[in-house]
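Participant: In full-length UniProt numbering, the protein residues as written are 1 to 246.
Where is the CB? At the ideal position from N, CA and C, for every residue including glycine.
Below: one structure in structure tokens.
Written out as structure tokens, the structure is:
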């Protein structure tokens with residue numbers, strides 16, 4: 001789509017394509033493509049063009065700046081990057097759930113390291129009793145996706161066994177008004193641990209145990225889209241999962 005705003009700004013200024021090209025030190029054909037094909041210049045050329053023509057950069061290229069703003073905000077959502085899940089400090093997990101005041105979510109296949117932590121399970125129960133919505137998503141131990149993940153991680157039927165163990169360990173929380181556990185049959189590309197606007201996202205890497213895979217620590221920032229992407233993914237899995245009755 002042609003950039004009519006840029007064309008109009010040139011006409012209003014009374015300069016030619018060649019004049020602009022010479023002023024900002026680019027090829028005139030490049031400027032022609034900016035106008036006729038709507039190509040977006042590099043940031044330094046956008047700034048130089050806007051300055052030369054005496055107009056606001058956002059007027060000439062609003063879409064490009066919107067994308068840059070989203071990227072900048074999304075980068076601000078990244079608090080920490082850990083090379084492995086086991087490298088995440090224990091107190092980071094504790095703070096994640098301790099500070100939750102509205103919503104806690106866990107999306108995993110088994111997440112046995114969490115369920116096997118009696119203090120963590122007790123904390124989740126305390127949060128549920130205090131009115132915090134606690135949602136746990138475990139893989140269906142009988143589904144093909146879990147069987148495949150077990151093969152991928154080299155544990156075979158051990159993955160399904162870990163899920164069944166996690167189910168037993170979460171049993172003390174069943175019956176709490178704000179606690180719910182569901183089983184999903186999803187191919188997981190990430191495990192998600194969420195508390196309000198904070199997320200620990202554990203990547204899944206083929207052939208690697210999930211505990212050895214990297215973790216992103218994210219916090220929602222206005223205008224950012226990384227947290228929103230993972231939050232939407234969690235909700236899609238939750239909507240298709242099957243509740244486990246007490």
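1. Would the stretch 93–100 count as touching the stretch 141–149 if we require 3 or more Cβ pairs under 8 Å?
2. What whole-angstrom Cβ distance do residue 9 and residue 53 have, given they're in contact under 8 Å?
3. Taking the alpha-carbon of residue 171 as reference, which of 49, 51, 245 and 39 has the nearest alpha-carbon?
4. Where does residue 187 fall in DSSP's three states?
5. Please list the terminal residues of the continuous beta strand (DSSP E) segment that includes residue 103.
6. Could you have a look at residue 245 and say whether DSSP puts it in helix, strand or coil?
7. Check whether the stretch 114–134 and the stretch 227–236 are in contact - that is, three or more C-beta pairs closer than 8 Å.
8. Output the residue ranges of the beta strand (DSSP E) runs that lie fully inside the stretch 96–177 and measure 3 residues or longer, sorted by chain position.
9. Return the CA-CA distance between residue 239 and residue 182, expressed in angstroms with no decimal places.
10. How far does the beta strand (DSSP E) with residue 82 in it reach, from first residue to last?
11. On the DSSP letters alone, give me the boundaries of the beta strand (DSSP E) that residue 85 sits inside.
12. Tell me which same chain residues have a C-beta within less than 6 Å of the C-beta of residue 114, skipping the five on either side of it?
13. Restricting to Cα atoms, I'd like to know which of 29, 93 and 140 is closest to residue 242.
14. For the beta strand (DSSP E) that residue 203 lies in, which residues bound it at each end?
Facilitator: Well, looking at it:
1. No, the stretch 93–100 is not in contact with the stretch 141–149.
2. Within the chain shown, residue 9 is the residue found at index 9, counting from 1. Within the chain shown, residue 53 is the residue found at index 53, counting from 1. For a cut-off of 8 Å, the C-beta gap from residue 9 to residue 53 is around 5 Å, short enough to register as a contact.
3. To locate residue 171, count along the chain shown from 1; it is residue 171. Checked all of 49, 51, 245 and 39; the closest Cα to residue 171 is 245.
4. Reading the chain shown from its first residue, position 187 is the one you call residue 187. Three-state DSSP puts residue 187 in coil, outside helix and strand.
5. To locate residue 103, count along the chain shown from 1; it is residue 103. Note, residue 103: beta strand (DSSP E), 103–107.
6. For the purposes of this step, residue 245 is taken as residue 245 along the chain shown, with counting starting at 1. Residue state, collapsed to three classes: coil.
7. no
8. 103–107 and 133–139
9. On the chain shown, position 239 is the one that residue 239 refers to. On the chain shown, position 182 is the one that residue 182 refers to. Answer to the nearest angstrom: the Cα atoms are 10 Å apart.
10. In the chain shown, the residue the question calls residue 82 occupies position 82. 78–82 is the extent of the beta strand (DSSP E) around residue 82.
11. Translated into the one-based positions of the chain shown, residue 85 becomes position 85. No beta strand (DSSP E) holds residue 85; DSSP gives it neither H nor E.
12. Stepping through the chain shown from its first residue, residue 114 is reached at position 114. Here the set comprises 120.
13. Looking up residue 242 in the chain shown gives position 242. Of 29, 93 and 140, the residue nearest in Cα terms is 140.
14. In the chain shown, counting from the first residue as 1, residue 203 sits at position 203. Taken as a continuous stretch (DSSP letters only), the beta strand (DSSP E) holding residue 203 covers 198–203.
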